[in-house]
Amino acid sequence: MSDTEKSYSLVILAKVNPERELPTDIYLKIDQKYIRFRGQGDVIGAEKFDDFMQKGLEGIYVLADEIMIFLDWITNIRDEEINETLKESSDDTREIVTSMYDVKEKVYETFLNSELNEEVVEELQEQVNDFVSKVKEQPFSKQTIAALITRNSTLADHSVNVANLSVYLAMVMGHGHQLVLENIYLGAILHDLGKAKAGLTEIGSGDGRFMSQAMQGHPELSVKVIRKSKGLPDAVYKIILQHHEQFNGFGYPAGLHGDDIYEMAQIVSIANVFDNILYENRQLPRKQAWELAIKKIELGKERYWHSKFFPRVVDALKLAKQI
0 MSDTEKSYSL VILAKVNPER ELPTDIYLKI DQKYIRFRGQ GDVIGAEKFD DFMQKGLEGI
60 YVLADEIMIF LDWITNIRDE EINETLKESS DDTREIVTSM YDVKEKVYET FLNSELNEEV
120 VEELQEQVND FVSKVKEQPF SKQTIAALIT RNSTLADHSV NVANLSVYLA MVMGHGHQLV
180 LENIYLGAIL HDLGKAKAGL TEIGSGDGRF MSQAMQGHPE LSVKVIRKSK GLPDAVYKII
240 LQHHEQFNGF GYPAGLHGDD IYEMAQIVSI ANVFDNILYE NRQLPRKQAW ELAIKKIELG
300 KERYWHSKFF PRVVDALKLA KQI
């Protein structure tokens, strides 16, 4: 059969794990032609996935004859990852874990959309509402939160990690209202959307002295992108805009100081730095990386974050890994 006679099926990219070996060849549609991009047994890779995200690529293609093989692969990987997560927590948390994977898929879709429209935001809000409701019914155990902080490889993975950790820390600090937890979860999920849209997709703490102007502008860019969609509470915008502000006034973009920084933005900031440190030290054993991240959070007291978060936040992080 010639290439012109072959039939292809679209697979939404958000459903594809970029770090797992592909079950079939995959193709990109370029100028109405299907170009083989990766072969069976290859991986897409996190860097290329983030590049696709920045370009707003909807999906990849597989041969129509192989679509069921590919869809079964997607389902099997999802089930495998859920079961692996449950091994680290408990089967009682299956609904929470499954809901988290639903949210993660929706986050991938959100980041991959070239435009963040009201329909996309509404769907994301519904997923977050469902997840937070389940967490409130059965609050995170220390094992569950540790299991949900996955080894991130893409910007979307990082965003979900920060969201899960932010809700956990918010509850530790005594915040239990549904709307407050939804806002912090949404703010955390969308905190780096501006990076994705600007092509600044490298994950990292971003504390270098010569950080680029573009990187420092990503909170404002995130808010600019999201405001087009409407429908989100002002609290979500404040979280996104202020998650790089520092208690000592040396953060960005506005250089806010002390109590001028929104408390929920400070919580997301802690979660963001914590997950970035885990990523930067991913070559270390998981527990060792976790210990290092906790030490760096402790060092940020009254420099980056208000003293009122201590020692509760640190104690909660230690409990999560039983340190």
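In numbering that gives the first Met the number 0, the protein residues as written are 0 to 322.
Think of the CB as a built atom: it goes at the ideal place given N, C-alpha and C, for glycine as much as any other residue.
Item	Value
Per-residue burial, Q282 [other beta carbons within 10 Å of its own, 16 or more giving buried]	exposed
Proximity winner among G248, K32, E79 and D24, relative to Y100 (alpha-carbon distances)	E79
DSSP three-state assignment for V15, whether helix, strand or coil	coil
Sequence-distant residues of its chain with Cβ nearer than 6 Å to V127 (five each side left out)	E181, Y184 and L185
Residue environment, L123, which counts as buried when at least 16 other CB atoms sit within 10 Å	buried
Close beta carbons around H305, own chain, < 7 Å, minus the five adjacent residues each side	F246 and Q265
Unbroken alpha helix (DSSP H) run spanning L111, endpoints	R93 to L111
Limits of the unbroken alpha helix (DSSP H) element including K286	R285 to L298
Minimum C-alpha distance to I148 - residue among G257, A234, D24 and K103	K103
Three-state secondary structure assigned by DSSP to N163	helix
Rounded C-alpha distance that separates G237 from G299	A quick correction: the sequence has Lys, not Gly, at residue 237. Each residue's Cα considered, the two are about 21 Å apart.
Same chain, Cβ closer than 6 Å to I260, five either side skipped, listed in chain order	Q241 and E244
S228 in three-state terms, based on DSSP	coil
For G193, the three-state DSSP class (helix, strand or coil)	helix
Through-space distance from P252 to G216, alpha-carbon basis	7 Å
Meets three-Cβ-pair contact criterion under 8 Å: the region 32-46 and the region 12-23	yes
Rounded Cβ spacing between K133 and I73 (contact assumed at less than 8 Å)	Between I73 and K133 the Cβ distance is about 23 Å, and since that is not below 8 Å, they are no contact.
Cβ pair V159, V235 closer than 7 Å	no
Member of I95, Y7 and L154 whose CA lies at the smallest distance from the CA of V32	Sequence inspection shows Lys at residue 32; the Val mentioned does not correspond to that position. That would be Y7, whose Cα lies nearest to the Cα of K32.
Beta-carbon proximity of L12 to L154, cut-off 7 Å	no
Option nearest L62 by Cα separation, candidates E297, E219, I34 and R285	I34
Cβ-based neighbour list, V131, same chain, cut-off 8 Å, excluding 5 preceding and 5 following	V166, Q177, L180, E181 and Y184
Beta-carbon proximity list for E18, same chain, < 7 Å, skipping 5 on both sides	V42, A45 and S152
Span of the beta strand (DSSP E) around G248	Counting along the chain, G248 falls outside any beta strand (DSSP E), and DSSP gives it neither H nor E.
Test item: CB-CB of A195 and M52 under 7 Å	yes
Own chain residues within Cβ distance below 7 Å of I66, not counting five before or after	S8
Span separating the alpha-carbon of G230 from that of E4	45 Å
L115 beta carbon less than 7 Å from that of S228	yes
Coarse secondary structure for I260, derived from DSSP in three states	coil
Alpha carbon of E301 to alpha carbon of I276, nearest angstrom	19 Å
As assigned by DSSP and simplified to three states, the class of I202	In this prediction, I202 scores a pLDDT of 47, lower than 50, which makes its location untrustworthy; no coordinate-derived value is stated.
Nearest-angstrom beta carbon gap, T84 and A146 [assumed within contact, 8 Å]	5 Å
I276, DSSP secondary structure in three states	helix
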